[in-house]
Amino acid sequence: MQKTEPRTLSGFMELLPNEQILFNQIKETIENTYKKFGFLPLDTPVIELSEVLLAKAGGETEKQIYRFNKGETDLSLRFDLTVPLSKYVAKNYGNLSFPFRRYQIGKVYRGERTQKGRFREFYQCDIDVIGDGELDLINDAELPSVIYTIFKQLGFNDFTICLNNRKILNGLFEELGQKENAVEILRIIDKIDKIGKEAVIEELQKLGVEETAINKIVEFIEIEGNTDDKIQKLKDLKIENEIFIKGVEELEFVVKNIRLFEIPENNFKVDLTIARGLDYYTGTVYETFLNDYRELRKCLFRWKI
Amino acid sequence: MTIESFGSVCSGGRYENLAEYYTDKKLPGVGISIGLTRLFYKLNELNLIKASKKSIADVLIIPMVEDLSIPIKIATKLRNNGVKTEIYLNNKKLKAKFKYADKLEIPYVIIIGENEIESNKIKLKDMITGEEREIDFDRIENLKF
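Listed below in structure tokens is the structure:
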């Protein structure tokens, strides 16, 4: 009989049993922590109607969708867990209790350019808290506690949960008359760690931002010090824009309440350069970084159990 | 590779309206996401985690008898007690069976042969220390792994 070469598509992860055991241990740690905070489980189909899944999509996302027809039906594979959650909450609104806290761990699909370390099929582990009409800001302070618990459980010590508030950035741009350029400016300053300050200034100039506005932006992203210093310095900028002021207030409130959840000071900080690429976020934003290579080596031993 | 190239391992934030494309209801929310596949890949690539556990089973039962009724009964007892138990269900030489346990690093092996069945005992071998001991059938329930 003619044999077919057994192979797996590139961008799709397939593990040997020992690796899969480890992978599952990490997945279970994440899931158990989500449960520990009372999040409810959710599983949605991998395949959805394109019309439903792509109600919002556009641009880059749309290009990456796995989309096909089965008979007459136009179908797509989910590319994140947020859109299926949106559909689910809208569809089941009357049967859910709010605030609705759900976790979902599942595979999502994006037809990215294949390169090393890029996956076309990958697991996302999401939690969201959804309010009906409103959702108190203190929820923004609880999520870092979930992140902290997970990475602690996984054996890491030196990691930092970075916080910012999009209103601060949006308010600043409004104050500087750069509202139209906001998305573009955010994209540029988001890269400061990668390309450095000079390159950021250059890109802002290319965008046509005035000298005074650039100076203010740079002054802003160079705010240094500990968490409380940074908040004080934001206030000291004496920006009177309402959105900016609201953003600083929110950030201060979230920081105060993060401390109630007993997250050590060295595991979180305010990082004013974090914007998150998506224009979707309107308030608090988070990113988490593992800091120290050597520190990471220590957690090897945790996995030998 | 520097740790910077790791990127964020958990991101998210607050949004004003979750489901505006599906409903008029205003649904604000806050959420985070961990990209597990990428996290695992990076940790593995940087040798920061080690996939050292090769088996799920706590114990491998090696039957040395034709009639498998007693080995199966013992496995069922252990499983009912929450012990992850595998029976070697393939007719091979004892040496090959031990090799299997060794390769998968299964921590304990239970040997059940004619002698053991006659005396109502099993032989329990600790694969790490090499230590062996005999245990009465009716005390198997008390075994902890």
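Chains as they are written, first to last, in my numbering: chain A, 823 to 1127; chain B, 14 to 158. Cβ coordinates follow ideal geometry from the N, Cα and C atoms, glycine included.
Starting from the Cα of residue i, find the closest Cα among the options and give me that residue.
i: Val-122 of chain B; options: B:Lys-106, B:Val-22, B:Phe-158, B:Tyr-34; result: B:Phe-158
i: Ile-75 of chain B; options: B:Gly-20, B:Ile-47, B:Lys-63, B:Leu-107; result: B:Leu-107
i: Asp-865 of chain A; options: A:Ile-1067, A:Leu-831, A:Lys-938, A:Cys-947; result: A:Cys-947
i: Phe-53 of chain B; options: A:Leu-871, A:Glu-870, A:Asn-854, A:Ile-848; result: A:Ile-848
i: Leu-1005 of chain A; options: A:Tyr-888, A:Thr-1104, A:Ile-869; result: What sits at residue 1005 of chain A in the sequence shown is Val, not Leu. Residue A:Thr-1104 is the option with its Cα nearest to Val-1005 of chain A.
i: Gln-1000 of chain A; options: A:Tyr-970, A:Ser-967, A:Ala-1035; result: A:Ala-1035
i: Ile-952 of chain A; options: A:Ser-908, A:Val-930, A:Val-1031; result: A:Ser-908
i: Tyr-945 of chain A; options: A:Asp-958, A:Gln-926, A:Lys-938; result: A:Gln-926
i: Tyr-34 of chain B; options: A:Val-911, A:Thr-895, A:Val-1022; result: A:Val-911
i: Glu-996 of chain A; options: A:Glu-934, A:Ile-1061, A:Glu-943; result: A:Ile-1061
i: Asp-1015 of chain A; options: A:Phe-1111, A:Thr-1106, A:Lys-825, A:Ile-990; result: A:Phe-1111
i: Gly-860 of chain A; options: A:Thr-895, A:Phe-922, A:Gly-955; result: A:Phe-922
i: Leu-31 of chain B; options: A:Tyr-915, A:Leu-862, A:Glu-853; result: A:Tyr-915
i: Ile-960 of chain A; options: B:Ser-21, B:Gly-20, B:Val-22, B:Gly-44; result: B:Gly-44
i: Glu-1064 of chain A; options: A:Glu-1025, A:Leu-994, A:Val-1040; result: A:Leu-994
i: Thr-895 of chain A; options: A:Glu-873, A:Tyr-888, A:Lys-878, A:Thr-904; result: A:Glu-873
i: Phe-920 of chain A; options: A:Leu-957, A:Tyr-888, A:Gly-939, A:Leu-1008; result: A:Leu-957
i: Gly-977 of chain A; options: A:Thr-851, A:Glu-841, A:Gln-842; result: A:Thr-851
i: Val-96 of chain B; options: B:Asn-133, B:Asp-80, B:Asp-71; result: B:Asp-71
i: Leu-844 of chain A; options: B:Lys-112, B:Ser-132, B:Ser-68, B:Val-22; result: B:Ser-68
i: Ile-1043 of chain A; options: A:Ile-1011, A:Leu-1029, A:Leu-1073; result: A:Ile-1011
i: Pro-906 of chain A; options: A:Asp-950, A:Glu-1041, A:Gly-939, A:Arg-940; result: A:Asp-950
i: Leu-117 of chain B; options: B:Glu-131, B:Tyr-101, B:Ile-87; result: B:Tyr-101
i: Arg-935 of chain A; options: A:Ile-1017, A:Thr-855, A:Gly-833, A:Lys-1055; result: A:Gly-833
i: Glu-154 of chain B; options: B:Ile-62, B:Glu-144, B:Asp-115, B:Ile-135; result: B:Ile-135
Could you list which residues in chain B have their beta carbon closer than 8 angstroms to that of residue i, in chain order?
i: Ser-872 of chain A; result: Near Ser-872 of chain A there are no residues of chain B at all, since even the closest Cβ is about 13 angstroms away, more than 8 angstroms.
i: Gln-946 of chain A; result: Ser-46, Ile-47, Gly-48, Leu-49
i: Glu-884 of chain A; result: The premise fails here: Glu-884 of chain A is roughly 14 angstroms from chain B at the closest Cβ pair, so nothing lies under 8 angstroms.
i: Val-868 of chain A; result: Residues of chain B passing the Cβ test: none, with the nearest at roughly 15 angstroms.
i: Gly-939 of chain A; result: Arg-51, Tyr-54, Lys-55, Glu-58
i: Ala-877 of chain A; result: Tyr-34, Tyr-35
i: Phe-1075 of chain A; result: The contacting residues do not exist; Phe-1075 of chain A stays about 12 angstroms from chain B at best.
i: Tyr-888 of chain A; result: Here the premise fails: no neighbours, minimum Cβ distance about 16 angstroms.
i: Thr-1110 of chain A; result: Ser-21, Val-22, Cys-23, Ser-24
i: Leu-965 of chain A; result: Gly-25, Val-43, Gly-44, Ile-45
Run through chain A and tell me which residues come within less than 7 angstroms of residue i, C-beta to C-beta.
i: Pro-41 of chain B; result: Gly-953, Glu-956, Leu-957
For residue i, which residues in chain A fall below 8 angstroms Cβ to Cβ?
i: Ile-141 of chain B; result: Under the 8 angstroms cutoff, chain A gives no residues; its nearest Cβ is about 12 angstroms from Ile-141 of chain B.
For a contact defined as C-beta to C-beta under 9 angstroms, what are the partners of residue i on chain A?
i: Lys-38 of chain B; result: Val-911, Ala-912, Tyr-915, Asp-954, Gly-955
i: Ile-69 of chain B; result: Pro-839, Ile-843
What does residue i touch in chain B if you count any residue whose Cβ is under 7 angstroms from its own?
i: Gly-993 of chain A; result: What Gly-993 of chain A touches in chain B: nothing, since even the nearest Cβ is about 15 angstroms away.
i: Tyr-1102 of chain A; result: Tyr-28
i: Val-969 of chain A; result: Checking the sequence, you will find Ile at residue 969 of chain A rather than Val. Within chain B, the residues near Ile-969 of chain A are Cys-23, Ile-45.
What in chain B is Cβ-close to residue i, meaning under 9 angstroms?
i: Glu-934 of chain A; result: The premise fails here: Glu-934 of chain A is roughly 11 angstroms from chain B at the closest Cβ pair, so nothing lies under 9 angstroms.
i: Thr-1106 of chain A; result: Gly-25, Gly-26, Arg-27, Val-43
Could you check if residue i belongs to the surroundings of the ligand NAP, using beta carbon to heavy atom distance under 7 angstroms?
i: Leu-156 of chain B; result: In the structure shown, the ligand NAP is absent, as is every other ligand, since no ligand is present at all.
Quiz item: Name the residues in the segment 948–963 of chain A whose C-beta lies less than 9 angstroms from a C-beta of chain B; which are they?
Solution: Asp-948, Ile-949, Asp-950, Val-951, Ile-952, Gly-953, Asp-954, Gly-955, Glu-956, Leu-957, Leu-959, Asn-961, Asp-962
Practice problem: Report the residues of the segment 833–856 of chain A with a CB closer than 9 angstroms to any CB of chain B, ordered along the chain. | Solution: Met-835, Leu-837, Leu-838, Pro-839, Asn-840, Glu-841, Gln-842, Ile-843, Leu-844, Phe-845, Gln-847, Ile-848, Lys-849, Ile-852
Self-check item: Segment contact flag, the segment 981–992 of chain A with the segment 1084–1099 of chain A, C-beta cutoff 8 angstroms, min 3 pairs
Solution: yes
Self-check item: Cβ-based contacts, 9 angstroms cut-off: residues of the segment 45–66 of chain B near chain A
Solution: Ile-45, Ser-46, Ile-47, Gly-48, Leu-49, Thr-50, Arg-51, Leu-52, Phe-53, Tyr-54, Lys-55, Leu-56, Asn-57, Glu-58, Leu-59, Asn-60, Leu-61, Ile-62, Lys-63, Ala-64, Ser-65, Lys-66
Quiz item: Residues in the segment 78–100 of chain B with C-beta within 8 angstroms of chain A's C-beta atoms, listed in sequence order?
Solution: none
Quiz item: Using a beta-carbon distance cut-off of less than 7 angstroms, what residues from the segment 18–36 of chain B approach chain A?
Solution: Phe-19, Ser-21, Val-22, Cys-23, Ser-24, Gly-25, Gly-26, Arg-27, Tyr-28, Glu-29, Leu-31, Ala-32, Tyr-34, Tyr-35, Thr-36
Quiz item: How about the segment 36–53 of chain B and the segment 875–889 of chain A: do they share at least three Cβ pairs that are nearer than 8 angstroms?
Solution: no
Quiz item: Would the segment 120–140 of chain B and the segment 72–87 of chain B be scored as touching if the rule is three or more Cβ pairs under 8 angstroms?
Solution: yes
Exercise. Report the residue ranges of all alpha helix (DSSP H) runs contained in full by the segment 23–87 of chain B; include only those spanning at least 4 residues, in chain order.
Key: 49–58
Exercise. Count the C-beta pairs between the segment 46–64 of chain B and the segment 928–947 of chain A that are closer than 8 angstroms, then say yes if the count reaches three, no if not.
Key: yes
Quiz item: What beta strand (DSSP E) runs, 3 residues minimum, are completely inside the segment 924–1012 of chain A?
Solution: 943–952, 981–987
Quiz item: Looking at C-beta atoms only, is the number of pairs between the segment 1081–1093 of chain A and the segment 1042–1057 of chain A that lie closer than 8 angstroms three or more?
Solution: yes
Quiz prompt | Every unbroken alpha helix (DSSP H) inside the segment 1039–1086 of chain A [4 residues or more] | solution = 1049–1058, 1064–1082
Exercise. Quick one: which residues of the segment 1063–1074 of chain A get their C-beta closer than 9 angstroms to a C-beta of chain B? List them in chain order.
Key: Glu-1072
Practice problem: Could you tell me whether the segment 1009–1025 of chain A touches the segment 18–30 of chain B, where touching means 3 or more Cβ pairs closer than 8 angstroms? | Solution: no
Quiz item: For the 8 angstroms Cβ check, are there 3 or more pairs between the segment 896–906 of chain A and the segment 836–848 of chain A?
Solution: no
Self-check item: the segment 963–973 of chain A contacting the segment 1063–1083 of chain A, beta-carbon criterion three pairs below 8 angstroms
Solution: yes
Exercise. Select from the segment 1044–1061 of chain A all residues with a C-beta closer than 7 angstroms to any C-beta belonging to chain B, and list them in chain order.
Key: none
Quiz item: Using a beta-carbon distance cut-off of less than 9 angstroms, what residues from the segment 896–908 of chain A approach chain B?
Solution: Asp-902, Leu-903, Thr-904, Val-905, Leu-907, Ser-908
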